[in-house]
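Engineer:
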Amino acid sequence: KAGVTQTPRYLIKTRGQQVTLSCSPISGHRSVSWYQQTPGQGLQFLFEYFSETQRNKGNFPGRFSGRQFSNSRSEMNVSTLELGDSALYLCASSFTSGGNSYEQYFGPGTRLTVT
Amino acid sequence: GDSVTQMEGPVTLSEEAFLTINCTYTATGYPSLFWYVQYPGEGLQLLLKATKADDKGSNKGFEATYRKETTSFHLEKGSVQVSDSAVYFCALSDQAGTALIFGKGTTLSVSS
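Structure, rendered in structure tokens:
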């Protein structure tokens, strides 16, 4: 079974631009979560989607948004990029039953550099 | 709020040495607990998990026991290999499993 895939793997953007990252979950997984990893703040939860609905959101500004499609693929968008948005963005998917999600499996991440 | 505290690294060991990485947590309710490993340039790999008190998770020689009385989930391995060199993250999940809360990570370096 194929793992979680993320595209692109690397991205360089300029301050003020916007960016869209994509995530395809493991087949059969309907929950997708996003995390930001930086040397200073570590791993921080951004948001989680299930059945095209955002169920949970971390403490990030409104510039960070996401969505999920009917095939469970997910995208996250960051608008008006700031230098501090440079990070590894990780997507994870999990199997869900009865509304509860189980262990999360991570993709390789998208390395975003903002200049 | 919920939180995870891991021992500070880096941890430097010789091959075949015994490994312990301490992890304690603060949480309301009874979260599931996880250890993830990250190799350079890669995403996180699930190493092991435990979903209730006294559960022992194990994988690839690594073990961790969910201790509710001490709110701990320490990672152990009896004999480390050079290939175990990586960053290890302890994490807990919220009740619905929608979000993971991670510790800061512990870098392990094993030399031959």
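Protein chains in written order, with my numbering: chain A, 1 to 115; chain B, 116 to 227.
Glycine included, every Cβ here is placed at the ideal spot set by N, Cα and C.
For A:Thr-5, tell me which candidate among A:Val-114, A:Tyr-102, A:Thr-113, A:Tyr-89 has the shortest Cα-Cα distance.
Structural biologist: Residue A:Tyr-89 is the option with its Cα nearest to A:Thr-5.
Engineer: Can you list, in chain order, the stretches of the beta strand (DSSP E) that have 3 or more residues and sit fully within the stretch 23-108 of chain A?
Structural biologist: The qualifying runs are 31-38, 42-50, 53-57, 64-68, 74-78, 87-94.
Engineer: Please report how far the alpha carbon of B:Gly-193 lies from the alpha carbon of A:Gly-66, in whole angstroms.
Structural biologist: C-alpha separation (whole angstroms): 43 Å.
Engineer: Any chance you could list the beta strand (DSSP E) runs of at least 3 consecutive residues sitting entirely within the stretch 152-204 of chain B, in chain order?
Structural biologist: The qualifying runs are 159-165, 171-174, 177-180, 190-192.
Engineer: State the DSSP-derived secondary structure class of A:Lys-13, mapped to helix, strand or coil.
Structural biologist: Note: A:Lys-13 maps to strand in three-state DSSP.
Engineer: Taking Cβ-Cβ distances shorter than 8 Å, what residues in chain A pair up with B:Gly-124?
Structural biologist: Residues of chain A passing the Cβ test: none, with the nearest at roughly 13 Å.
Engineer: Assuming A:Leu-112 contacts A:Leu-43 (C-beta within less than 8 Å), just tell me the rounded distance between them.
Structural biologist: Actually they do not touch by this definition, with Cβ atoms about 15 Å apart.
Engineer: What residue does the beta strand (DSSP E) around A:Gln-6 start on, and which one ends it?
Structural biologist: Where A:Gln-6 is concerned, the enclosing beta strand (DSSP E) stretches over 5-7.
Engineer: Using a C-beta to C-beta distance shorter than 9 Å, which residues of chain A count as neighbours of B:Phe-149?
Structural biologist: Under the 9 Å cutoff, chain A gives Glu-103, Gln-104.
Engineer: My output table needs one value for B:Ser-129: the three-state DSSP class, helix, strand or coil.
Structural biologist: In the structure shown, B:Ser-129 sits in a strand (DSSP, three-state: E or B).
Engineer: Give me the Cα-Cα distance between B:Asp-199 and B:Ser-224, rounded to the nearest whole angstrom.
Structural biologist: So the two alpha carbons sit approximately 8 Å from each other.
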